[in-house]
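See below for the structure under consideration.
This is the structure:
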């Protein structure tokens, strides 16, 4: 799990990167929760998602946004953090110019940043949003959302209440060619204290299903 330092828009950013042994492996970028509430790339759910992608043969990165850990700069209210995510993606794509797919996975504030990045990068092929803060941020920018993905909510989450996430899912599912795989873990609160394994199982199930479905037409050619 090599440590990497790469250029961000506001100074150097610190990350952890796993390079797949598979040629042209798919890529995944994993985004951490809110930096002002202790969110770092070593957050338990962030780390668990990173390891899941690694296990599935992806080249995968998690990183600290500006002002977190050894990353330079200071918190920028979400705007600069979206630019940080784009810089992380640029770095990964430069190392992997022929990757077969690109996924973005974010938890809490990281889910908001990840969905913003999704709208800016048409090459993204899938996404995972765990506890997106739909009651605190306006996700109306997902119009139209470029592709379907997996959304996970906790039934006992006070920070990202399930009804607000449900409303967002319903809105996305009305869009053409978008299907959101929505999973609710009834006992989970915002930190998913006992549900890390459920999150990674859901991620691996969703990503595996989507990747297999995409591979089928290629196999038929």
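Numbering (the working numbering), first residue to last: 7 to 227.
Ideal Cβ placement from N, Cα and C applies to all residues, glycine included.
Nothing here was measured: the structure is a model prediction, and the numbers come from that model.
Excluding sequence positions up to five away, which residues of its chain have a Cβ less than 7 Å from the Cβ of residue i?
i           : result
residue 41  : 71, 73, 74, 81
residue 26  : 63, 64, 65
residue 181 : 150, 151
Where do the ends of the alpha helix (DSSP H) carrying residue i lie?
i           : result
residue 56  : 50 to 61
residue 120 : 115 to 126
residue 95  : 85 to 101
Excluding the five sequence neighbours on either side, which residues of its own chain have a C-beta within less than 8 Å of the C-beta of residue i, listed in chain order?
i           : result
residue 53  : 47, 68
residue 17  : 72, 77, 78, 79
residue 139 : 114, 115, 117, 118, 165, 166
residue 168 : 159, 160, 161, 190
Given this structure, state the Cα-to-Cα distance separating residue i from residue j, to the nearest angstrom.
i           : j           : result
residue 215 : residue 77  : 35 Å
residue 147 : residue 124 : 10 Å
residue 130 : residue 172 : 23 Å
residue 94  : residue 153 : 21 Å
residue 45  : residue 186 : 26 Å
residue 179 : residue 213 : 18 Å
residue 12  : residue 24  : 15 Å
residue 105 : residue 15  : 24 Å
residue 195 : residue 86  : 28 Å
residue 83  : residue 22  : 23 Å
residue 145 : residue 177 : 10 Å
residue 184 : residue 8   : 36 Å
residue 103 : residue 49  : 29 Å
How is the beta strand (DSSP E) around residue i delimited, first residue to last?
i           : result
residue 168 : Counting along the chain, residue 168 falls outside any beta strand (DSSP E), though it belongs to the alpha helix (DSSP H) covering 168 to 179.
residue 156 : 155 to 160
residue 186 : 186 to 191
Which one or two residues does DSSP pair with residue i in a beta bridge?
i           : result
residue 24  : 66
residue 9   : 22
residue 111 : 36, 134
residue 17  : 14
Suppose the cutoff is 6 Å on Cβ atoms and the five residues either side in sequence are ignored; what does the same chain contact list for residue i look like?
i           : result
residue 132 : 109, 155, 216
residue 36  : 52, 55, 56, 68, 111
residue 188 : 157, 175
residue 143 : 118
residue 122 : 88
residue 229 : Missing from the structure shown is residue 229; the chain here goes from 7 to 227 and no further.
residue 232 : Residue 232 lies beyond the stretch modelled for the chain, which goes from 7 to 227, so this question has no answer here.
So the candidates are the options; which of them puts its Cα closest to the Cα of residue i?
i           : options            : result
residue 32  : 95, 83, 107        : 107
residue 166 : 145, 141, 172, 98  : 141
residue 207 : 92, 136, 178       : 136
residue 197 : 160, 209, 179, 172 : 160
residue 59  : 211, 97, 20, 90    : 211
residue 193 : 209, 218, 163, 219 : 163
residue 91  : 38, 103, 128       : 38
residue 134 : 209, 222, 219      : 209
residue 127 : 96, 9, 199, 20     : 96
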